[in-house]
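Presented below is the structure to which this report refers.
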Amino acid sequence: MLDSFQESPYGQLLLNWAVVIGSVLLCLLVLPTRFPGMELLGVGPNWLLIWVVAWSVNRTVFQGAIAGLALGLIQDGMTSAHPTHVLSLVVAGVLTARLQKQRYVKEDFISIALIVFGMAVVTETITAIQFSWQGIGSNTLGAYPTLGEIWVYHQRIALSSAILSSLWAPVVYYPLNRWWERIKLPDSA
Amino acid sequence: MYILRRWWDRHGIRAGIVCLVIAAAWGVRQNQGLFVVEIYQRLSRPFEPEYTQAEIEENAAVLELQQRLIELENQNQQLQQLLDYVKTRPDQGIAAPVIGRSADHWWQQVTIGRGRRQGIQVGAIVSGTGGLVGRVIQVTPNTSRVLLISDPTSQVGVTISRSRHMGYMRGQAENRAVMEFFDKVPDVRAGDIVSTSSFSQLFPPGLPVGRVESVNLNKSPAPEAVIELSAPISHLEWVMVFPNPKVVDSEVFSGN
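These protein sequence lines map, in sequence, to chains A and B.
For the first sequence, the residue numbers in the working numbering are 1 to 189.
For the second sequence, the residue numbers in the working numbering are 1001 to 1256.
Shown next, in the form of structure tokens:
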């Protein structure tokens, strides 16, 4: 029955959207947890970043940017909108889509892990820059962390987040990629 | 017109979907991820640590006793001169399980599994076993988000219990915080108990916070002390939420 459902174009489209939304929801729900083995120095993997990379790797720059925008807005809602997560995730989506992975690298798992590692460093750096900017922009004494604190913290976060995210990346990437390969990337945003 | 029509035929659905996705994401952002945390609360309910309310209260009481004693002894001396003594802690608290940590790496927040329906309001004080933990910055029907005092943006007016020297404290992630003194030469030494001061705009005075770990009097512009928070911030399981008496006269709850 599932097969006949998949045959029809609308059925497939619906199923694809269910997979997309379901996987994003799953990532969102894992985000506030800290299971043993998923935590390094109090920092967990950046699941939304992994999702954005998995999505953007075989898609256009525009699609990557939209995914980054949507997930960034949601993450803003779940933590704090100042500084915003939109910027860092959009940059991650665009850069990943620009990489043109299939042209240079063959091996999937390793390359995805590497891309996620790089993007994690990029996103945390963008956030740190935004924090520094906020600190400079405001005159209230001590309301924001000092520059020194931000960048010491940044080193710690960027490294542990990059390591953990790249290690956990295949968990998100593999099933999603299998699914998208199976339906041969239908014409949807 | 024709070009527009052709563009629409070709990209109409796509444009519609893009708008829809962005609108949905914007919606989630505007209601502060309400939808997601509520589902999360439902799913995580079976895994909530099981303590009875009595157990939590007993543990907290025992662990706080030493600190509270020193605090109260000193406060007592002062109160002899004061008439308008305000009780430091309201009696009825709500026990709440910690169901999630911060959803990104830059904020020190936790999500607790009780919300508006159980009577929690924005600005409520959250304390764990051993002392102050943070304050509620956002509530949904069944969950609340707590900004921990270990967050760098979380500032608390604090005082050294022994000498009553004042300062303010800024979180440093994990269970450390830095206290900057108002005085140039404060009377402080390692091991002193630190509690919230009456200058704090967000917390009532006299709540135990932690103890002084080391002191740096030469620090410019103000002397500093490193404070070890007494509540186990990195592995909280249950917390107590108390209504905040200061919440009425303060407007600084943008919650960022």
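Glycine is no exception: its CB is placed at the ideal position from the N, C-alpha and C atoms.
Can you tell me where the beta strand (DSSP E) holding residue i begins and where it ends?
{"i": "B:Trp1238", "result": "1238-1242"}
{"i": "B:Ala1095", "result": "1094-1101"}
{"i": "B:Val1215", "result": "1208-1216"}
{"i": "B:Phe1199", "result": "It is not in any beta strand (DSSP E) - B:Phe1199 carries neither H nor E in the DSSP assignment."}
{"i": "B:Ala1177", "result": "1176-1181"}
{"i": "B:Glu1058", "result": "Looking at the DSSP string, B:Glu1058 is not in any beta strand (DSSP E); the run it does join, the alpha helix (DSSP H), is 1053-1079."}
{"i": "B:Gly1134", "result": "1131-1139"}
{"i": "B:Val1146", "result": "1144-1148"}
{"i": "B:Val1110", "result": "1109-1112"}
Starting from the Cα of residue i, find the closest Cα among the options and give me that residue.
{"i": "A:Arg20", "options": "A:Trp51, A:Pro45, A:Ile150, A:Leu159", "result": "It is worth fixing the name first, because residue 20 of chain A is Val in this sequence and not Arg. Among A:Trp51, A:Pro45, A:Ile150, A:Leu159, the Cα nearest to that of A:Val20 belongs to A:Trp51."}
{"i": "B:Gln1201", "options": "B:Ile1227, B:Asn1175, B:Gly1167", "result": "B:Gly1167"}
{"i": "B:Leu1148", "options": "B:Glu1055, B:His1235, B:Ala1024", "result": "B:His1235"}
{"i": "A:Asp108", "options": "A:Val172, A:Ala92, A:Pro45, A:Ile183", "result": "A:Val172"}
{"i": "B:Ala1024", "options": "A:Gly93, A:Thr79, A:Gly72", "result": "A:Gly72"}
{"i": "B:Gln1172", "options": "A:Trp151, A:Pro45, A:Thr60", "result": "A:Trp151"}
{"i": "B:Gly1115", "options": "B:Thr1140, B:Ala1103, B:Pro1208", "result": "B:Thr1140"}
{"i": "B:Ala1060", "options": "B:Glu1174, B:Thr1129, B:Ile1160", "result": "B:Thr1129"}
{"i": "A:Val61", "options": "A:Leu40, A:Val116, A:Leu95", "result": "A:Leu95"}
{"i": "B:Gln1032", "options": "A:Ala97, A:Val43, A:Met78, A:Ser111", "result": "A:Met78"}
{"i": "B:Ala1177", "options": "B:Asp1183, B:Lys1184, B:Met1169", "result": "B:Met1169"}
Which value, in whole angstroms, describes the spacing of the CA atoms of residue i and residue j?
{"i": "A:Gln75", "j": "B:Arg1010", "result": "32 Å"}
{"i": "A:Glu124", "j": "B:Ile1137", "result": "24 Å"}
{"i": "B:Pro1204", "j": "A:Ser132", "result": "31 Å"}
{"i": "B:Pro1232", "j": "B:Ala1225", "result": "19 Å"}
{"i": "B:Arg1005", "j": "A:Ala67", "result": "27 Å"}
{"i": "B:Gln1108", "j": "B:Trp1008", "result": "46 Å"}
{"i": "B:Trp1238", "j": "A:Gly37", "result": "22 Å"}
{"i": "B:Gly1206", "j": "B:Gly1157", "result": "11 Å"}
{"i": "A:Trp17", "j": "A:Ser23", "result": "10 Å"}
{"i": "A:Val30", "j": "B:Gln1075", "result": "45 Å"}
{"i": "B:Val1133", "j": "B:Phe1035", "result": "26 Å"}
{"i": "B:Val1110", "j": "B:Arg1145", "result": "6 Å"}
{"i": "B:Tyr1052", "j": "B:Met1240", "result": "Per the sequence presented here, residue 1052 of chain B reads as Thr, with Tyr not at that position. Going from the Cα of B:Thr1052 to the Cα of B:Met1240 covers about 12 Å."}
{"i": "A:Ser166", "j": "A:Leu176", "result": "16 Å"}
{"i": "A:Leu26", "j": "A:Thr33", "result": "12 Å"}
{"i": "B:Val1212", "j": "A:Ala128", "result": "29 Å"}
{"i": "A:Ser161", "j": "B:Gln1078", "result": "49 Å"}
{"i": "A:Val90", "j": "B:Glu1057", "result": "46 Å"}
{"i": "A:Tyr10", "j": "A:Tyr174", "result": "25 Å"}
{"i": "A:Ala113", "j": "B:Trp1026", "result": "30 Å"}
{"i": "B:Leu1020", "j": "B:Arg1029", "result": "14 Å"}
{"i": "A:Arg59", "j": "A:Arg178", "result": "15 Å"}
{"i": "B:Arg1135", "j": "B:Ala1096", "result": "13 Å"}
{"i": "B:Ala1190", "j": "A:Gln155", "result": "29 Å"}
{"i": "A:Gln12", "j": "B:Ser1102", "result": "36 Å"}
{"i": "B:Pro1243", "j": "B:Val1122", "result": "9 Å"}
{"i": "A:Pro83", "j": "A:Leu69", "result": "14 Å"}
{"i": "A:Ser80", "j": "B:Arg1042", "result": "22 Å"}
{"i": "B:Val1188", "j": "A:Ala92", "result": "48 Å"}
{"i": "B:Arg1014", "j": "A:Thr146", "result": "44 Å"}
So, helix, strand or coil for residue i, using DSSP?
{"i": "B:Val1194", "result": "strand"}
{"i": "A:Leu99", "result": "coil"}
{"i": "B:Ile1120", "result": "coil"}
{"i": "B:Arg1170", "result": "strand"}
{"i": "B:Ala1225", "result": "strand"}
{"i": "A:Val91", "result": "helix"}
{"i": "B:Ser1127", "result": "strand"}
{"i": "B:Val1252", "result": "At B:Val1252 the pLDDT is 45, less than 50, meaning the model places this residue with poor confidence and gives no usable figure here."}
{"i": "B:Gly1157", "result": "strand"}
{"i": "B:Val1018", "result": "helix"}
{"i": "B:His1011", "result": "helix"}
{"i": "A:Gln8", "result": "The sequence given here has Ser at residue 8 of chain A, not Gln. Three-state result, A:Ser8: coil."}
{"i": "A:Thr84", "result": "coil"}
{"i": "B:Met1001", "result": "coil"}
{"i": "B:Gly1115", "result": "coil"}
{"i": "A:Trp133", "result": "helix"}
{"i": "B:Arg1006", "result": "helix"}
{"i": "B:Arg1029", "result": "helix"}
{"i": "B:Val1185", "result": "coil"}
What are the boundary residues of the alpha helix (DSSP H) that includes residue i?
{"i": "A:Ala162", "result": "147-182"}
{"i": "B:Ser1044", "result": "1034-1044"}
{"i": "B:Ile1233", "result": "First-last for B:Ile1233: undefined, no H or E at that position."}
{"i": "A:Val61", "result": "61-78"}
Ranges of the alpha helix (DSSP H) found wholly within the stretch 12-56 of chain A, counting only runs of at least 4: 47-56
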